[in-house]
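A.B. asks: Could you have a look at this structure, given as structure tokens, before my questions?
Number of protein chains: 2
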Amino acid sequence: MKIPQRGFTAAEFEKRTARAQKIMDRHGFDALLLTAPPNVRYFTGFDSQFWESPTRPWFVVVPREGAPIAVIPEIGAPEMALTWIKDIRTWAAPNPEDDGLSLLKSTIESLPRKHGKVGAEMGREMALRMPVAEFLQLRGSLGLSLENGSPCIWEIRMVKTETEIAHIHYICQIASDAYEALPSQISIGESEREIVRKLRIDIARRGADSTPFMPAISGPGGVAQIVCGPHDRLIEKGDILFIDTGSTFDGYFCDFDRNYAVGQVSDDAKRVHEALWLATEAGIAAAVPGAKTDDVWRAMATIIEAAGAIGNNVGRLGHGLGMQLTEPPSHRLGDGTLIVENMVLTIEPGMEYAPGKMIVHEENIAVTRDGPRLLTKRAPRELPVIC
Amino acid sequence: MKIPQRGFTAAEFEKRTARAQKIMDRHGFDALLLTAPPNVRYFTGFDSQFWESPTRPWFVVVPREGAPIAVIPEIGAPEMALTWIKDIRTWAAPNPEDDGLSLLKSTIESLPRKHGKVGAEMGREMALRMPVAEFLQLRGSLGLSLENGSPCIWEIRMVKTETEIAHIHYICQIASDAYEALPSQISIGESEREIVRKLRIDIARRGADSTPFMPAISGPGGVAQIVCGPHDRLIEKGDILFIDTGSTFDGYFCDFDRNYAVGQVSDDAKRVHEALWLATEAGIAAAVPGAKTDDVWRAMATIIEAAGAIGNNVGRLGHGLGMQLTEPPSHRLGDGTLIVENMVLTIEPGMEYAPGKMIVHEENIAVTRDGPRLLTKRAPRELPVIC
């Protein structure tokens with residue numbers, strides 16, 4: 566597969582911004598105040614691993630007209646200048662007395678107004694990347710109302726562009742190939758931790774930029790949980806080895822898992838694996854424009870329940886995917902999100918079939934006008950075996 | 566070097582908690598409310614890469630007496646049960662109607678009280694990992710006052726235990742060895758991106774768990790910034806290649822850089838490199854118990870200024886280090902933090918000596934009763950050369 570061009574054109578960012586501004590107007594916002602890395606990158610293209618340092622806040626303001634404005638520490642200015650953003654305002658940071666607040670306030674207050682409201686990352690599935698005390702100080706002194714902009718921001722980011730989907734597709738293919746090659750590289754008796762190290766290195770070699778998420782869990786016939794690990798446990802005959810990964814290419818995640826039979830597994834485990842493979846098929850087929858996330862959930866839940874599920878501590882059967890490992894919506898009864906073209910979704914049926922024995926499958930798809938399009942290479946119907 | 570035991574004993578967590586409770590009492594807090602991964606892990610030992618998913622908030626409450634209480638989504642319960650935490654309260658998440666808030670509120674309200682105040686991650690160098698709207702809702706309904714607990718939390722985390730220092734030392738040694746081996750693995754004409762890929766893989770092979778931070782930047786005689794990259798630029802004769810890394814072992818970071826001469830560099834670059842090497846020596850020597858961060862800054866700044874610095878967009882000359890890439894304090898004029906035994910610090914002198922030509926050095930040290938102890942392998946006084 567051809568490596569997608571890194572980054573995005575100014576034309577794409579202009580299109581993203583224009584679409585966002587329409588959605589903002591509908592939500593009654595004159596501007597969005599962004600602090601979180603994926604939101605900053607979505608509108609500016611600015612990429613940094615420096616987000617690991619919590620010392621300095623960074624701000625991007627999306628006005629109701631025109632291009633976004635960056636209000637950032639001096640340390641970030643040379644790199645921000647390489648993006649399509651022209652209006653870059655900086656302060657000497659860190660500065661405990663005023664870490665950008667007065668500059669941010671004057672920037673927001675100088676913008677054209679219609680609604681008198683600014684949307685901030687205050688809501689669900691988002692965290693504000695600045696001290697809350699300073700946010701509240703800004704909120705108390707700003708001449709506009711700072712309100713929950715998260716539903717608006719998610720409405721913007723939930724529908725992807727073609728180039729975003731190409732990025733996700735690429736990282737899905739890299740991880741698919743690495744998952745497929747794994748049984749030839751590991752053996753019974755190796756530790757979960759060593760297996761993860763090998764897979765991480767292989768995924769890096771194949772062209773991923775990073776692997777922020779790779780839990781690996783093993784257990785006889787299934788696992789107790791799917792989000793923590795690896796541990797030092799050695800894989801044994803009869804285990805299911807579960808590995809999930811959120812690896813990235815140019816800022817975009819894949820998020821899907823694979824299951825392996827270590828030697829021979831029980832007939833029960835095989836039966837549940839088969840049911841989940843079919844549930845995945847049903848979930849994929851249900852993810853069409855015009856359906857709701859509830860429908861996708863129902864398509865999978867019917868099969869899972871018939872297969873004898875006694876629980877599922879994950880709380881949903883898949884979700885949105887993009888610049889973050891998980892994004893709205895959720896395939897969950899009551900979520901009620903309308904599925905539209907160019908959403909990228911995970912299809913993630915799972916079930917506990919006996920206490921402490923859970924199996925979970927997962928694939929990634931893009932929703933097209935003609936229906937779902939698989940971005941991952943579909944997991945084999947029969948469990949691959951590790952010898 | 567021997568690999569440190571992963572994780573920490575219950576005795577260590579009890580000691581951390583008892584010390585924290587003394588500091589909390591001094592700050593006037595009956596409890597701490599924690600949501601951010603490093604804070605949760607510091608008190609519980611709970612490790613997960615699932616923090617990449619912003620969907621579900623997680624809470625840990627440190628009361629004024631007794632062990633911390635985990636208030637977490639069901640998905641995390643099996644793994645939390647493996648830690649020393651006994652009181653684990655869960656809810657079925659995601660649940661947009663009540664994502665743990667009522668459970669958290671009743672948990673906090675049932676605790677013993679003296680001051681009527683709870684410390685939350687509201688202040689500097691911290692971000693709250695939960696929706697601010699829900700935090701404000703809790704704040705409005707809680708029968709105690711929710712206030713800025715960040716200075717208290719940083720006072721707790723800023724002084725490390727012996728085992729924490731052993732973790733940081735180990736990852737510093739791994740990265741030191743990889744940096745030292747790099748010139749034999751790369752050549753003039755390779756791209757920054759390929760160089761980073763090789764170094765990431767080598768660091769993983771040597772035993773690091775992850776490398777969340779590895780900017781690499783190259784430029785003739787120096788670089789314009791030190792926090793973003795790699796790019797596709799090919800390294801050329803006359804360049805300084807700058808690489809920094811925050812890699813981790815069992816939840817602890819190193820954070821230090823190395824500079825390489827690509828072929829031959831200018832005499833100016835060599836002169837500045839030598840000045841920074843001496844400034845690092847001075848910074849290390851100044852980091853003794855009883856000194857202030859301002860003193861460490863001054864020891865380096867004097868040498869840097871004498872060498873003809875025209876600027877430094879980093880804004881400080883080093884900082885704390887631990888479960889995060891950067892932590893308080895800052896070596897900065899006016900920071901005023903008293904340096905005490907068992908702090909772990911970076912010593913990071915840097916200067917721009919001509920427009921767009923910056924060179925930055927960095928080492929990691931632990932402060933002992935007898936003075937500074939180097940955790941990294943000291944950078945060579947002469948620039949290593951890439952041919």
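Residue numbers (the numbering used here), protein chains in the order written: chain A, 566 to 952; chain B, 566 to 952.
We put the beta carbon where it would ideally sit given N, CA and C, even for glycine.
Source: prediction; values computed, not measured.
Among all the DSSP beta bridges, which residues are the ones paired with Y817/A?
C.D. replies: Answer is F814/A.
A.B. asks: Closer than 8 Å by beta-carbon distance: list the chain B residues that pair up with G848/A, in chain order.
C.D. replies: Residues of chain B passing the Cβ test: none, with the nearest at roughly 18 Å.
A.B. asks: Candidates P914/B, G772/B and T867/B: which alpha carbon is nearest I568/B's?
C.D. replies: Of P914/B, G772/B and T867/B, the residue nearest in Cα terms is G772/B.
A.B. asks: Which stretch, first to last residue, makes up the beta strand (DSSP E) that contains N878/B?
C.D. replies: First-last for N878/B: undefined, no H or E at that position.
A.B. asks: Whose C-beta lies closer than 7 Å to the C-beta of R544/A among residues of the same chain, with five residues either side of it excluded?
C.D. replies: What the structure shows of chain A is the stretch from 566 to 952, and residue 544/A is not part of that stretch, so it cannot be assessed.
A.B. asks: Identify which residue in W649/A, A658/A, L666/A and E892/A has its Cα closest to the Cα of L598/A.
C.D. replies: Of the candidates W649/A, A658/A, L666/A and E892/A, the one whose C-alpha sits nearest the C-alpha of L598/A is L666/A.
A.B. asks: Buried or exposed: D820/A, going by 16 or more other Cβ atoms within 10 Å of its Cβ?
C.D. replies: Flag for D820/A reads buried.
A.B. asks: Looking at chain A, is there any beta carbon in it that lies within less than 8 Å of the beta carbon of P716/B?
C.D. replies: Cβ-Cβ to chain A under 8 Å: no for P716/B.
A.B. asks: In angstroms with no decimal places, state the Cα-to-Cα distance between A585/A and I721/A.
C.D. replies: Whole-angstrom Cα-Cα distance: 6 Å.
A.B. asks: Which ranges does the beta strand (DSSP E) cover as unbroken runs of at least 3 residues, wholly within the stretch 746–792 of chain B, from first to last along the chain?
C.D. replies: Qualifying beta strand (DSSP E) stretches, in chain order: 775–778 and 781–785.
A.B. asks: Quick one: is the Cβ of E579/B within less than 7 Å of any heavy atom of the ligand MN?
C.D. replies: As far as ligands go, the structure on display features none, and thus does not contain the ligand MN.
A.B. asks: Could you name the residues of the same chain whose beta carbon sits closer than 8 Å to that of E639/A, not counting the 5 residues immediately before and after it, in chain order?
C.D. replies: Closer than 8 Å at Cβ, skipping near neighbours: T655, W656, A657 and A658.
A.B. asks: Which residues, taken in chain order from the stretch 655–668 of chain A, show a beta carbon closer than 8 Å to some beta carbon of chain B?
C.D. replies: Taking 8 Å as the Cβ-Cβ cut-off against chain B, the residues of the stretch 655–668 of chain A that qualify are A657, A658, P659, N660, P661 and D664.
A.B. asks: Tell me which residues of the stretch 828–847 of chain B have at least one Cβ-Cβ distance to chain A shorter than 9 Å, keeping chain order.
C.D. replies: Those would be none; no residue qualifies.
A.B. asks: Mapping DSSP to helix, strand and coil, what is D822/B?
C.D. replies: If DSSP states are grouped into helix, strand and coil, D822/B belongs with the strands.
A.B. asks: I believe K802/B touches G784/B by the beta-carbon criterion, under 8 Å. Please report the beta-carbon distance rounded to the nearest angstrom.
C.D. replies: Actually they do not touch by this definition, with Cβ atoms about 12 Å apart.
A.B. asks: Contact criterion: CB-CB distance below 8 Å. Does R629/B meet it with respect to chain A?
C.D. replies: For R629/B, the answer is no, since every Cβ of chain A falls outside 8 Å of its Cβ.
A.B. asks: Helix, strand or coil for I634/B? Go by DSSP, reduced to three states.
C.D. replies: If DSSP states are grouped into helix, strand and coil, I634/B belongs with the strands.
A.B. asks: Roughly how many angstroms separate the alpha carbons of V627/A and A596/A, rounded to a whole number?
C.D. replies: About 5 Å.
A.B. asks: Kindly list the residues whose CB is nearer than 7 Å to the CB of T648/A, restricted to its own chain and excluding five residues on each side of it in sequence; keep chain order.
C.D. replies: Contacts found: T609, G610 and F611.
A.B. asks: Quick one: is A871/B buried, meaning 16 or more other Cβ sit within 10 Å of its Cβ, or exposed?
C.D. replies: Counting Cβ neighbours within 10 Å, A871/B comes out exposed, since fewer than 16 surround it.
A.B. asks: Should M566/B be labelled buried (16 or more other beta-carbon atoms within 10 Å of its own) or exposed?
C.D. replies: Answer is exposed; the Cβ neighbour count stays below 16.
A.B. asks: Using a Cβ-Cβ distance cut-off of 8 Å, determine whether N824/B contacts chain A.
C.D. replies: Taking Cβ atoms only, chain A never reaches closer than 8 Å to N824/B, which makes this a no.
A.B. asks: Quick check: the Cα distance between V853/A and Y735/B, rounded to an integer number of angstroms?
C.D. replies: Cα to Cα, the separation comes out at about 51 Å.
A.B. asks: Measure the alpha-carbon distance for G754/A versus D804/A and round it to whole angstroms.
C.D. replies: Going from the Cα of G754/A to the Cα of D804/A covers about 11 Å.
A.B. asks: Would you call the stretch 806–826 of chain B and the stretch 731–746 of chain B touching, i.e. three or more CB-CB distances under 8 Å?
C.D. replies: Yes, they touch.
A.B. asks: Taking C-alpha atoms, which residue in I904/B, D935/B, I868/B and D900/B lies nearest to N660/A?
C.D. replies: Nearest of I904/B, D935/B, I868/B and D900/B to N660/A, Cα basis: D900/B.
A.B. asks: Counting pairs of beta carbons, one from the stretch 875–885 of chain B and one from the stretch 912–920 of chain B, are three or more of them closer than 8 Å?
C.D. replies: Output reads yes: the stretch 912–920 of chain B touches the stretch 875–885 of chain B.
A.B. asks: CB-CB under 7 Å to L843/B, same chain, minus the five flanking residues each way: which ones, in chain order?
C.D. replies: The residues are I868.
A.B. asks: Which whole-angstrom value is the C-beta distance of G787/B and M923/B, which I expect to be below 8 Å?
C.D. replies: The pair is a contact, with the Cβ atoms about 5 Å apart (cut-off 8 Å).
A.B. asks: With DSSP run on the structure shown, which of helix, strand or coil describes P919/A?
C.D. replies: Position check: residue 919/A holds Ala in this sequence, whereas Pro was assumed. Note: A919/A maps to strand in three-state DSSP.
A.B. asks: Could you name the residues of the same chain whose beta carbon sits closer than 6 Å to that of P602/B, not counting the 5 residues immediately before and after it, in chain order?
C.D. replies: So the qualifying residues of the chain are W616.
A.B. asks: With 8 Å as the threshold, decide whether the Cβ of V697/A is near any Cβ in chain B.
C.D. replies: It does; some Cβ of chain B falls within 8 Å.
A.B. asks: Would DSSP call S675/A helix, strand or coil?
C.D. replies: In the structure shown, S675/A sits in coil (DSSP, three-state: anything other than H, G, I, E or B).
A.B. asks: Could you check if D774/A is buried or exposed, using at least 16 other CB atoms within 10 Å of its CB as the buried criterion?
C.D. replies: Buried, because 16 or more other Cβ atoms sit within 10 Å of the Cβ of D774/A.
A.B. asks: Measuring only the C-alpha atoms, how far is H592/B from K682/B?
C.D. replies: Their backbone Cα atoms lie some 9 Å apart in a straight line.
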